[in-house]
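K.L.:
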Amino acid sequence: MMTTPICDFVKKYISDNKVRLHMPGHKGKSYLGIEPFDITEIKGADSLFEADGIIRESEKNAEELFGSGATYYSTEGSSLCIRTMVALSKKYAITEQRSCHIIAARNAHKTFISACALLDIEVSYIPEENVSSYLACDISYGKLEEMLKTEKPVGVYVNSVDYLGNLLDIQKLSAICHRYNTLLIVDNAHGAYLKFIDDGTCRHPLFLGADLCCDSAHKTLPVLTGGAYLHISKNAPVFFKNNTKALMSLFASTSPSYLILQSLDMANCILSSDYPKRLSAFVNKMQDMKSKLRFMGLEDISSEALKITLKTKPYGYTGNEFANELRRRNMECEFSDPDFTVLMFTPDNDDIDMILDKIISIPRKKAIEELPPKYILPRRVMSIRDAVFAPSKTVPVKDAKGKILSSLNVGCPPAVPIVVCGEEITQEAIGLFEYYGIKTCDIVIND
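Just so we're aligned, residue 312 is where the sequence shown starts under my numbering, counting upward by one.
1) Measure the alpha-carbon distance for LYS750 versus PHE551 and round it to whole angstroms.
2) First and last residue of the beta strand (DSSP E) that includes MET655?
3) What does a CB cutoff of less than 7 Å around PRO658 pick up in its chain, not counting 5 residues either side in sequence?
4) At which residues does the alpha helix (DSSP H) containing LEU604 begin and terminate?
5) Following the continuous beta strand (DSSP E) through CYS524, name the residue where it begins and the one where it ends.
6) List the residues that DSSP assigns as beta-bridge partners of TYR540.
7) Might you give, ordered along the chain, the residues of its own chain that have their beta carbon closer than 6 Å to the beta carbon of GLY364, omitting 5 neighbours on each side?
8) In terms of DSSP beta bridges, what is GLY466 paired with?
9) According to the neighbour-count rule (16 or more other Cβ atoms, all chains shown, within 10 Å of its Cβ), is ARG605 buried or exposed?
10) By DSSP, does ASP753 sit in helix, in strand, or in coil?
11) Who are the Cβ neighbours of LYS483 in its own chain at under 8 Å, not counting the five residues just before and after it?
12) Determine, using beta-carbon pairs with one atom in the segment 385-396 and one in the segment 563-582, whether at least three such pairs fall under 8 Å.
13) Between which two residues does the beta strand (DSSP E) carrying LYS712 extend?
14) Verify whether the separation of the beta carbon atoms of ILE366 and LEU359 is less than 8 Å.
15) Taking just the CA atoms, how far does ARG514 sit from ILE729?
16) Measure the alpha-carbon distance for THR620 versus SER444 and round it to whole angstroms.
17) Cutting at 7 Å between CB atoms, please list the residues of its own chain near PHE507, excluding the five before and the five after it.
18) Taking the C-alpha atoms as reference points, what is the distance between LEU637 and LEU716?
19) Among TYR474, TYR491 and HIS412, whose alpha-carbon lies nearest the alpha-carbon of PRO464?
20) The alpha helix (DSSP H) with THR555 in it runs from where to where?
21) Is DSSP giving ASP611 helix, strand or coil here?
22) Enumerated in chain order, which unbroken segments of the beta strand (DSSP E) with a length of 3 residues or greater are wholly contained in the segment 337-390?
23) Let me confirm a value: GLN738 is counted as buried when at least 16 other C-beta atoms fall within 10 Å, else exposed. Which label applies?
24) Let me know if ASP526 comes out buried or exposed under the rule of 16 or more other beta-carbons within 10 Å of its beta-carbon.
25) In whole angstroms, give me the CA-to-CA distance for ASP510 and HIS489.
26) Could you spell out where the alpha helix (DSSP H) holding LYS506 opens and where it closes?
27) Have a look at MET458 and VAL469 and give me their C-alpha separation to the nearest angstrom.
28) Taking DSSP as the reference, what is the three-state secondary structure of TYR403?
29) Counting pairs of beta carbons, one from the segment 426-437 and one from the segment 688-704, are three or more of them closer than 8 Å?
30) Should VAL321 be labelled buried (16 or more other beta-carbon atoms within 10 Å of its own) or exposed?
31) From this set, SER326, LYS601, PRO707 and CYS427, which residue's C-alpha is nearest VAL397's C-alpha?
32) Identify every residue that forms a DSSP beta bridge with VAL706.
33) Where do the ends of the alpha helix (DSSP H) carrying THR422 lie?
34) State the start and end residues of the unbroken beta strand (DSSP E) segment that holds SER718.
35) Among residues of its own chain, excluding the 5 on either side of LYS618, which ones have a beta-carbon nearer than 6 Å to its beta-carbon?
36) Can you name, in chain order, every residue of its own chain whose Cβ lies under 7 Å from the Cβ of PHE324, other than the five neighbours on each side?
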């Protein structure tokens, strides 16, 4: 079982009962109950972005667990990691005298788009085979390879696992990217647990050939909200290990949460114990649950182990209506929209039989035939950066036809934009906005 240097330091600091003449202002007094554990960068506590003590020791424990070349903690979720991966890609491109251009999956998180705006990255998108939802991306591997031959980007950026629970063929993507000396950058925010399924295989992107990868530990592991990892592959150039912390600090708070750092530290101990066996046993229960839901006529479109994405209209409900049925049964889903209800599980859902009983207690109704509007990739008119920083105004979506989107007004979840900054808002896009309940948008002022 692994050591917990951060947790041990904080526990000793509490037991020493020192007078706290430092931040935070609560001075360790219990208002919520967690305050004694909430410290700052005092002597011995190390400093996240200059770590050479207990934090670096804990990060090295995480490196061993994940089998990475380097693993770095974030207390600001995968969002900080995504910005850092984009910044690393740009600095690497400049260092190698290459184009600051990234080819991305269309369902990239809004943080990727905002990072490209801040860093002035040129983005083009991987062609898709079948566009079933703006939240998913069924990429064309053949067309991606054609793009790599001609566009010569510094990196390819994809989501796997995506919000609906789809996994890409990372091994195949990696082989294609590396054939053209291109980085493979993976947002694996929803898939940190993939490293720890104890069945003789490893589905984590880092193991399958990703060069840079981020995991939101808090999404699927027993970690407080905001805890995340940025992983560097063992095969990635040493450039990335040498530059990651400095570039992380460009975007990060200078006051990282020591509560979250302790949570990441403790997770190492948990993950190095019997957690893989617990997880694997739970995955088997999930497979059984998925089979029973299919038998009841509830279609799960997810291809990952810990997520159930119900396509609810054939069962007689919109995704939002089905989510409300769950709430009536004292259950809260991760996400819903007109078509899907997304449920996320971990081994700490120890009442899975009760959950299944409550789901199947929802009566089936007449199928809803309505389909979402067809998704058509909009035309880019301006760069992401130029659109974000251009003068703009907010208008009702019905008045936005032919205008250029200025800023992303998509919430989280799912934080995936239908139209990206700099793209033309078409009638098809307006139809999608209205379908998903988006009432206004920010457009570039041209006059």
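Glycine included, each C-beta is placed from N, C-alpha and C at the ideal position.
P.N.:
Looking at the coordinates:
1) Distance between the alpha carbons of LYS750 and PHE551: 42 Å.
2) Looking at the DSSP string, the run of the beta strand (DSSP E) that includes MET655 is 651-655.
3) In its chain, beyond the 5 residues on either side, ARG589, LEU590 and PHE593 have a beta carbon closer than 7 Å to the beta carbon of PRO658.
4) For LEU604, the uninterrupted alpha helix (DSSP H) run begins and ends at 586-606, by DSSP.
5) Counting along the chain, CYS524 sits inside the beta strand (DSSP E) bounded by residues 523-526.
6) Partner(s): TYR384 and ASP526.
7) Close CB contacts of GLY364 within its chain, under the 6 Å cut and outside five residues either way in sequence, are with ASP357 (chain order).
8) ILE413 and LEU494, per the DSSP bridge assignment.
9) By the 16-neighbour rule on beta-carbons within 10 angstroms, ARG605 is exposed.
10) Here ASP753 sits in strand by DSSP.
11) TYR452, listed in sequence order.
12) By the Cβ criterion, the segment 385-396 is in contact with the segment 563-582, since at least three pairs of Cβ atoms, one from each stretch, lie closer than 8 Å.
13) Where LYS712 is concerned, there is no enclosing beta strand (DSSP E), given that its DSSP letter is neither H nor E.
14) Their beta carbons are under 8 Å apart, which means ILE366 touches LEU359 by this criterion.
15) Taking C-alpha positions only, ILE729 is separated from ARG514 by approximately 29 Å.
16) Spanning the two alpha carbons is a distance of roughly 13 Å.
17) If the five residues before and after PHE507 are omitted, its C-beta is found closer than 7 Å to the C-beta atoms of LEU582, TYR586, PRO587 and LEU590, all from its own chain and listed in chain order.
18) Each residue's alpha carbon lies about 36 Å from the other.
19) If you compare the alpha carbons of TYR474, TYR491 and HIS412 with that of PRO464, the shortest gap goes to HIS412.
20) It spans 549-562 - the alpha helix (DSSP H) in which THR555 sits, taken as one unbroken run.
21) It is a strand residue.
22) Scanning the segment 337-390 from its first residue to its last, the whole beta strand (DSSP E) runs of 3-plus residues come out as 381-385.
23) With fewer than 16 other Cβ atoms within 10 Å, it is exposed.
24) Flag for ASP526 reads buried.
25) The alpha-carbon separation between ASP510 and HIS489 amounts to approximately 28 Å.
26) Premise fails: LYS506 is in no alpha helix (DSSP H) and is neither H nor E.
27) Their Cα atoms are separated by approximately 15 Å.
28) TYR403 sits in a helix when the DSSP states are folded into three classes.
29) Touching, yes, given that three or more Cβ pairs across the two stretches are closer than 8 Å.
30) Buried is the call here.
31) Distances from the CA of VAL397 to each of SER326, LYS601, PRO707 and CYS427 were compared; the closest alpha carbon is that of CYS427.
32) Per the DSSP secondary-structure output, VAL706 pairs in a beta bridge with CYS752.
33) Looking at the DSSP string, the run of the alpha helix (DSSP H) that includes THR422 is 421-430.
34) First-last of the beta strand (DSSP E) with SER718: 716-718.
35) Excluding positions up to five away in sequence, the list reads GLY476 and MET655.
36) Sequence inspection shows Tyr at residue 324; the Phe mentioned does not correspond to that position. The residues are ILE350.
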